[in-house]
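*Asks:* Mind looking over this structure? Questions follow.
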Amino acid sequence: MMALLNCVLPESMANSSPCTIWRLTTRIDRSPYEGQTFHRTMADETLSIEELSQQLDSEGMIGCTQSFVSDLERGFSAVDDKHLTWLQEIKSNEWKGVLCFGMGGSAAGGDFLARMADASGSKPFVVHRGYQLPSWWTSDWLVIATSHSGNTEETIAATESALKQGATVVVIASGGVLAGLCELHKNCHLIPSIGGQPPRTAFGHLFSRQLALMEHLGLLPQQADDEREAMLVRLEYACQENDFRNASGTPLLDLAMALREHPIALLGPTELEPALVRCKNQLNENSGRFARIGVVPEMNHNEIVAWGGVSDDADPAREEQAVLILTWDGMQPRVRRRVDWMIEHTPTDFAWRIHGEGTSLLEVLLHHCIVMDWLTIALALLHGKDPAAIRPIQALKGYLADDASIE
């Protein structure tokens, strides 16, 4: 049986003592690392996970992760007609669709919106990561330009191109050049976000504003107030329970320990692809680790051959792969059967199933975000890495800033 992280136990295990992580054929009733210290890969000393957190977390990534749900709550309430008087004018237009500009964590919210629109929306949503405006775009597509800092050069370039062609743009940013464009163009409107933290920890601020805007405009169904309140309560509980510094977070810490020495693969159904992509990006930035993604059913038509499981025609490194399969209760029945088959034929012993909790696709996606944020920070600390450190990104930005040939 694959591992289950923070989910209801299967009926066959209903009489067993509680346990939140299940691995292939192995039940973990207590942490095998309980009472031990963890070795930093960049130093000789041994430190507890709490000591690693205190020494390595230079920008308060743990604190930002703890506030994820409160960030969502603040963002949901930030979009209303009283403070944003231009909303009614935009709502009165008949949009063909929504084009979302953004990069990295600022683009992730667009991915989430697009999958939600596929499931229950009234218009198509397209996410665009790059400098140039898509050639098919016309001004009857609403543009949402998102950048935590407001200074993401690709997003600025695409937004300026759109404005020159008569676009109506809604900017979601904490300031910067993008926010300044709203003062220069009458069809460019600002929903201010919250600054002062690493961009990838600002997802709660950004996505909640994006979603609230789409609900207000009638482009996505409005979640009932009581449903949203109940969702936020459950998500807050998940956020506390997965904090690896607490006893309840021990299974997640065990998982991070197991991932240290293995290449990481992330698999899941199409509707959870935004969570897979965001998890990969968090592993890249927070943990400094490569990760690859396989989406079911698409990967069943290609990548599954490399996994093998029923023959020797497979990648020779398959047995060393660590596999995380993200699932939820709403999977299409045939996709569920495909996942069951993959679980049965997984060739590696390092495999877990992480089941997203929630009563809606929105809640499940956010639940996966919470689990993966804690997991990637824990993995960073176990590698001796500051989870906020992104020196290659900063070095590249410096290089581009010094290059006078870049327009």
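Each residue of the sequence shown is one higher than the one before, counting from 228 in the working numbering.
The beta carbon of each residue, even a glycine, is placed where N, CA and C say it ideally should be.
For clarity, every value in this text was computed on a predicted model and none was experimentally measured.
Excluding the five sequence neighbours on either side, which residues of its own chain have a C-beta within less than 8 Å of the C-beta of ASP338, listed in chain order?
*Replies:* Residue mapping note: residue 338 aligns to position 111 of the sequence shown, counting from 1. VAL354, GLU500, PRO501, VAL504 and ARG505.
*Asks:* Taking contact to mean 3 or more Cβ pairs, one atom from each stretch, closer than 8 Å, check whether the stretch 432-449 and the stretch 370-377 are in contact.
*Replies:* yes
*Asks:* Provide the residue span of the beta strand (DSSP E) that contains ARG519, from first to last.
*Replies:* One-based indexing of the sequence shown puts residue 519 at position 292. Here the beta strand (DSSP E) through ARG519 covers 519-523.
*Asks:* Spell out a yes or no on whether the stretch 593-604 and the stretch 284-296 are touching, meaning 3 or more CB-CB pairs, one atom from each, closer than 8 Å.
*Replies:* yes
*Asks:* Mind the definition here: the stretch 578-597 touches the stretch 527-546 only if three or more C-beta pairs lie below 8 Å; say whether that holds.
*Replies:* With fewer than three CB-CB distances shorter than 8 Å, the stretch 578-597 does not count as touching the stretch 527-546.
*Asks:* Measure from the alpha carbon of LEU608 to the alpha carbon of each residue in HIS432, LEU340, SER333 and LEU480, then state which is nearest.
*Replies:* Stepping through the sequence shown from its first residue, residue 608 is reached at position 381. It is LEU480 whose Cα lies nearest to the Cα of LEU608.
*Asks:* Between the stretch 489-497 and the stretch 556-566, are three or more C-beta pairs nearer than 8 Å?
*Replies:* yes
*Asks:* If you draw a straight line from the alpha carbon of PHE430 to that of THR386, how long is it in whole angstroms?
*Replies:* In the sequence shown, counting from the first residue as 1, residue 430 sits at position 203. In the sequence shown, counting from the first residue as 1, residue 386 sits at position 159. Each residue's Cα considered, the two are about 20 Å apart.
*Asks:* Taking the beta strand (DSSP E) that PHE295 belongs to, which residues open and close that run?
*Replies:* Within the sequence shown, numbered from 1, the residue matching residue 295 stands at position 68. Segment 295-303 is the alpha helix (DSSP H) holding PHE295; no beta strand (DSSP E) there.
*Asks:* Pull up the CB-CB distance for HIS489 and ALA533, whole angstroms please, since I reckon it's below 8 Å.
*Replies:* The count along the sequence shown starts at 1 and reaches residue 489 at position 262. The count along the sequence shown starts at 1 and reaches residue 533 at position 306. Between ALA533 and HIS489 the Cβ distance is about 16 Å, and since that is not below 8 Å, they are no contact.
*Asks:* Tell me the rounded alpha-carbon separation between LEU405 and LYS507.
*Replies:* Here the question's residue 405 lines up with position 178 in the sequence shown. Here the question's residue 507 lines up with position 280 in the sequence shown. Rounded to the nearest angstrom, the two C-alpha atoms are 27 Å apart.
*Asks:* Apart from the five residues on each side of it in sequence, which residues of its chain come closer than 7 Å, Cβ to Cβ, to THR192?
*Replies:* The first residue shown for the chain is 228 and the last is 634, placing residue 192 beyond what the model contains.
*Asks:* Using C-beta distances below 6 Å, list every residue in its chain close to GLN449, excluding the 5 sequence neighbours before and after it, in chain order.
*Replies:* As a working mapping, residue 449 is identified with position 222 in the sequence shown. Closer than 6 Å at Cβ, skipping near neighbours: GLU442.
*Asks:* Under 8 Å: do the stretch 355-362 and the stretch 298-312 share three or more Cβ pairs, one atom per stretch?
*Replies:* no
*Asks:* Name the DSSP bridge partner or partners of PRO419?
*Replies:* To locate residue 419, count along the sequence shown from 1; it is residue 192. For PRO419, which the question treats as bridged, DSSP gives the partners ALA400.
*Asks:* Using the Cα positions of GLY290 and LYS624, report the straight-line distance between them to the nearest angstrom.
*Replies:* Taking the sequence shown and counting its residues from 1, one reaches residue 290 at position 63. Taking the sequence shown and counting its residues from 1, one reaches residue 624 at position 397. Rounded to whole angstroms, GLY290 to LYS624 spans 26 Å at the Cα level.
*Asks:* Please state the DSSP three-state secondary structure of HIS375.
*Replies:* Here residue 375 is taken as the residue at index 148 of the sequence shown, counted from 1. Judged by DSSP in its simplified three-state form, HIS375 adopts coil rather than helix or strand.
*Asks:* First and last residue of the alpha helix (DSSP H) that includes THR477?
*Replies:* Your numbering for residue 477 matches position 250 in the sequence shown. First-last of the alpha helix (DSSP H) with THR477: 477-486.
*Asks:* Would a C-beta distance cut-off of 9 Å place ALA605 and PHE471 closer than the cut-off?
*Replies:* Taking the sequence shown and counting its residues from 1, the one referred to as residue 605 is at position 378. Taking the sequence shown and counting its residues from 1, the one referred to as residue 471 is at position 244. Here ALA605 is near PHE471, since their CB atoms are less than 9 Å apart.
*Asks:* Taking LYS413 as the reference, give the member of MET558, GLY611 and LYS391 with the closest Cα.
*Replies:* The residue given as residue 413 occupies position 186 in the sequence shown. If we check each option's Cα against that of LYS413, LYS391 comes out closest.
*Asks:* Note down the Cα distance separating PRO614 from HIS528, rounded to an integer number of angstroms.
*Replies:* For the purposes of this step, residue 614 is identified with residue 387 of the sequence shown, where counting begins at 1. For the purposes of this step, residue 528 is identified with residue 301 of the sequence shown, where counting begins at 1. If you draw a straight line from the Cα of PRO614 to the Cα of HIS528, it comes to about 35 Å.
*Asks:* Quick check on GLU584: buried or exposed, where buried means 16 or more other Cβ atoms within 10 Å of its Cβ?
*Replies:* Indexing the sequence shown from 1 puts residue 584 at position 357. Buried, because 16 or more other Cβ atoms sit within 10 Å of the Cβ of GLU584.
*Asks:* What residue does the alpha helix (DSSP H) around TRP534 start on, and which one ends it?
*Replies:* Stepping through the sequence shown from its first residue, residue 534 is reached at position 307. First-last of the alpha helix (DSSP H) with TRP534: 531-534.
*Asks:* Under DSSP, the beta strand (DSSP E) around LEU494 begins and ends at which residues?
*Replies:* As a working mapping, residue 494 is identified with position 267 in the sequence shown. Looking at the DSSP string, the run of the beta strand (DSSP E) that includes LEU494 is 491-496.
*Asks:* State the start and end residues of the unbroken beta strand (DSSP E) segment that holds VAL537.
*Replies:* To locate residue 537, count along the sequence shown from 1; it is residue 310. Judged by DSSP secondary structure, VAL537 falls outside any beta strand (DSSP E); it is assigned neither H nor E.
*Asks:* Distance, Cα to Cα, GLY422 vs TRP579?
*Replies:* Numbered from its first residue, the sequence shown carries residue 422 at position 195. Numbered from its first residue, the sequence shown carries residue 579 at position 352. Rounded to the nearest angstrom, the two C-alpha atoms are 35 Å apart.
*Asks:* Helix, strand or coil: how does DSSP classify GLY348 here?
*Replies:* Here the question's residue 348 lines up with position 121 in the sequence shown. DSSP places GLY348 outside both helix and strand once states are collapsed to three, so it counts as coil.
*Asks:* Looking only at its chain, what residues have a beta carbon closer than 6 Å to the beta carbon of VAL522, apart from the 5 residues adjacent to it on each side?
*Replies:* In the sequence shown, counting from the first residue as 1, residue 522 sits at position 295. Counting only Cβ-Cβ distances below 6 Å, and skipping sequence neighbours, we find THR497 and GLU500.
*Asks:* Contact defined as beta carbons within less than 8 Å: I believe LYS612 pairs with SER514. What is the distance between those atoms, to the nearest angstrom?
*Replies:* Taking the first residue of the sequence shown as position 1, residue 612 is located at position 385. Taking the first residue of the sequence shown as position 1, residue 514 is located at position 287. Yes, LYS612 and SER514 are in contact; Cβ-Cβ is about 7 Å, under 8 Å.
*Asks:* By the three-class DSSP mapping on this structure, what secondary structure does LEU251 have?
*Replies:* Numbered from 1 along the sequence shown, position 24 holds the residue referred to as residue 251. Its pLDDT being 43, under 50, LEU251 is placed unreliably by the model, and the measurement read from it follows with that caveat. The answer is coil: DSSP assigns LEU251 none of H, G, I, E or B.
*Asks:* Between the C-alpha atoms of LYS350 and ALA344, what's the straight-line distance to the nearest angstrom?
*Replies:* Locating residue 350 in the sequence shown gives position 123, counting from the first residue. Locating residue 344 in the sequence shown gives position 117, counting from the first residue. Distance between the alpha carbons of LYS350 and ALA344 is about 7 Å.
*Asks:* Once the 5 residues before and after THR382 are set aside, which same chain residues still bring their CB inside 8 Å of it?
*Replies:* The residue you call residue 382 lines up with position 155 of the sequence shown. Taken in chain order, the residues that qualify are PHE328, GLY329, MET330, SER333, ALA372, THR373, SER374 and LEU405.
*Asks:* Quick one: using the 10 Å Cβ neighbour count with 16 as the cut-off for buried, is ALA389 buried or exposed?
*Replies:* Mapped onto the sequence shown, residue 389 falls at position 162. Buried, since its Cβ has 16 or more Cβ neighbours within 10 Å.
*Asks:* Taking only the alpha-carbon atoms, compute the straight-line gap between HIS582 and GLU277 and give it to the nearest angstrom.
*Replies:* The residue given as residue 582 occupies position 355 in the sequence shown. The residue given as residue 277 occupies position 50 in the sequence shown. Cα to Cα, HIS582 sits roughly 27 Å from GLU277.
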